[in-house]
Every structure is written in structure tokens, then in C-alpha cells.
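Numbering (this note's numbering), first residue to last: 17 to 308.
Okay, here's the thing in C-alpha cells:
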């Protein structure tokens, strides 16, 4: 029983940073913005969380700092994605490269190459050894669902992704609506990056997001652009990552490289096996000219 409980806790902990990011991606893409830059935003959040915690000597200050820095990075991304008729996929890849180079350079400048990682403040455990951000991530699922379906801002965001002309006809700005979705989404992605560096590894490692931003995008698609469906897809990845850790701890004879592939293979197989129809917003990636 203890082994099962420990495994489930590992699944939940591994799923938490990706769930934050996936909900952020969901918010952004529901308004029509393709967020291929989620990988870079997560990396920025991870680095900013460590810098904030190191500077303010508080993990919660670092967590908040990471969210705000990532939100600023997300708004910089939105300036191009919302205002210019450019390919948003290419834009996202460019921002991922920018984030990778920027965080690597700053990390080496602040901490050096061979210096031992500094001791950082940590999240306190609440239940089963899990810190509060884990519970916050899963509580955000019904909160985002309520926001989508019961609030005017949420309905405008979904409308901007499906039929932006209707949003403008109702007297609202499509651009402002998309800026709002980018800001909220980047906040959540920053939380995911911060938990990755502060809640799992306790330090920043270059390119530590390691494809998790792309996994979050796949989870949104696999979850058919619904918060609860996205959560289930993220838990599938978390299960694969937990199995990976368990096999490594057991000293399995399976080659190490194949063990590392498990969570990604699960995601690919699930995407290929269960996604039969395109559930993405009709205006996803479609530029909408600025209102006059």
C-alpha cells in the first residue's frame, strides 16, 4: 500500500508543473494565439523563481517573482503575436531560442559554471509530503472551467478564438481580449516553471524544461481544449515520468535512454490513438487586424 501511495504522490508531483503550463496554454490558445513559446516561458519562470528566491530569501517571493517576470515575457510575445500578421509557430520557436540563450547566459553570469548551488528556501509540506502549489494547480482546473463558462471575460476569450468578428460586433476589443489571455496564461506558465525549479529540483539547470512546454501543448489538444480533459492528459504524462523514476530506482536492465523516452512515448501514442478530430479553436493562429 505504501508503494502505491508513494507512486501516486510521484505522479501528482511530476504532473504539477506541466498542469500549470497546460492551463496557461489553454487560456492563450483559446483566444486564438498559438503558444509554441510555452517551452521558453516555462524556462524563464524556472530561472526567475530561483533568482527571486535567492534574492528575497523566500520561496513564495520567488514564486510570485517568477509569475510576474514570465507574464512580462508573455506580454512581449503578445506584442508580436497580436499586432503583427506573422506565423505564430515560427514566432514561438524564436522565443524559445531567446529564452534558452537568455537564461543560460544569465545563469552562468549569476551562479557561474562550477559553483555549488546555493541553499534556497523551500516549500513546506502540507499533506503526504506535497507542498501547497500542488493543490493549487489541481484546484485551478475547476476554477479555469468556471472562468471559461461563467464569466464574461472567459466567454470573450473563447469567442475571440472561435469567431473574433462576433467579439468586435459586441463592442469588445479582440486585441485586448487576446492580451488578457496572454497575460493570464503566462502567469500560470510562470508558476509551472517556478515549481519545476523550486518544488522539484531546488535549483536552476540550463534548459531544464526539457520539452515539458511542448508536452503541455499536446495535453491541451489531447484534452480537447477543456480544463478537466487537459488535467487527465497531464496525469498520463505524469504517470509515465513516475514509471521512469521507478525503473531507474529499481536498477532495471532496460537501457537508460529508453527509460527516459517513456513519458514522451506515452504522450505520442495517446495523441495518435485518441485524437481523431481537430478540437482547436476555429481562429487559432489567425491574425485579426487591430480595431480602428
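From the three backbone atoms N, C-alpha and C, an ideal C-beta is built for every residue, glycine too.
Closer than 8 Å is the cut-off here; do at least three beta carbon pairs connect the stretch 81 to 91 with the stretch 245 to 263?
Verdict: no, contact absent.
Which residues in the same chain have their Cβ closer than 8 Å to the Cβ of residue 99, if we skip the five residues on either side of it in sequence?
Contacts found: 191 and 306.
Beta-carbon proximity check, residue 46 vs residue 177, cutoff 8 Å
Cβ distance < 8 Å, so residue 46 and residue 177 count as in contact.
Pick from 181, 187, 194 and 149: whose alpha carbon is nearest that of residue 170?
For residue 170, the nearest C-alpha among the options comes from 194.
As a quick exercise: from 120, 140, 303 and 51, pick the residue whose alpha carbon is nearest that of residue 214.
The shortest Cα separation from residue 214 among 120, 140, 303 and 51 belongs to 140.
I think residue 201 touches residue 44, with their Cβ atoms under 8 Å apart; what is that distance to the nearest whole Å?
Going by Cβ atoms, the distance from residue 201 to residue 44 rounds to 4 Å, so yes, they are a contact pair.
Quick one: what's residue 146 bridged to in DSSP?
Paired residue(s): 143.
Indicate the three-state DSSP secondary structure (helix, strand or coil) for residue 191 in the structure shown.
In the three-state reduction of the DSSP assignment, residue 191 falls in the helix class, which pools H, G and I.
Thinking C-alpha only, which one of 29, 78, 62 and 155 is nearest residue 118?
The shortest C-alpha to C-alpha distance from residue 118 to any of 29, 78, 62 and 155 is the one to 62.
Inspect the beta-carbon positions of residue 53 and residue 144 and report whether they are closer than 8 Å.
Going by C-beta atoms, residue 53 is not nearer than 8 Å to residue 144.
Measuring CB to CB, does residue 115 end up less than 8 Å from residue 49?
8 Å or more divides the Cβ of residue 115 from the Cβ of residue 49.
Please report how far the alpha carbon of residue 297 lies from the alpha carbon of residue 134, in whole angstroms.
Rounded to whole angstroms, residue 297 to residue 134 spans 44 Å at the Cα level.
Whose C-beta lies closer than 7 Å to the C-beta of residue 150 among residues of the same chain, with five residues either side of it excluded?
Closer than 7 Å at Cβ, skipping near neighbours: 28, 29 and 32.
Closest by CA to residue 181, which one among 19, 302, 36 and 107?
Residue 302 is the option with its Cα nearest to residue 181.
Starting from residue 234, trace the alpha helix (DSSP H) in both directions and tell me its first and last residue.
Counted as a single uninterrupted DSSP element, the alpha helix (DSSP H) harbouring residue 234 occupies residues 228 to 238.
Cβ shell of residue 257 (< 6 Å), same chain only, five flanking positions each side left out:
These residues qualify, in order along the chain: 30 and 279.
Local conformation of residue 53 per DSSP, three classes
Looking at residue 53 - three-state DSSP - the assignment turns out to be coil, as it is neither helix nor strand.
Taking the alpha carbon of residue 216 as the point to measure from, which residue in 40, 66 and 19 has its own alpha carbon closest?
Checking every option, the nearest Cα to that of residue 216 belongs to 66.
If you follow the alpha helix (DSSP H) that residue 175 is part of, which residue opens it and which one closes it?
168 to 178 is the extent of the alpha helix (DSSP H) around residue 175.
Cβ-Cβ distance between residue 212 and residue 225 below 8 Å:
Going by C-beta atoms, residue 212 is nearer than 8 Å to residue 225.
Going by the CB atoms, is the gap between residue 236 and residue 34 shorter than 8 Å?
Cβ distance not < 8 Å, so residue 34 and residue 236 don't count as in contact.
Simplified DSSP state of residue 306, which is helix, strand or coil
Per DSSP, reduced to three states, the secondary structure at residue 306 is coil, with no helix or strand assignment.
In angstroms with no decimal places, state the Cα-to-Cα distance between residue 37 and residue 222.
Straight-line Cα distance between these residues: approximately 18 Å.
Near residue 85, what residues of its chain come up, given a Cβ to Cβ distance below 6 Å and the 5 sequence neighbours on each side ignored?
For residue 85, where only same-chain residues beyond five positions count, the Cβ hits under 6 Å are 64.
When DSSP labels each residue in this structure, what does residue 116 get in the three-state scheme?
The three-state secondary structure of residue 116, taken from DSSP, is helix.
I need the straight-line Cα distance from residue 174 to residue 101, nearest angstrom please.
Straight through space, the alpha carbons of residue 101 and residue 174 are spaced by roughly 20 Å.
As assigned by DSSP and simplified to three states, the class of residue 138:
Residue 138 carries a coil assignment under DSSP once its states are collapsed to helix, strand and coil.
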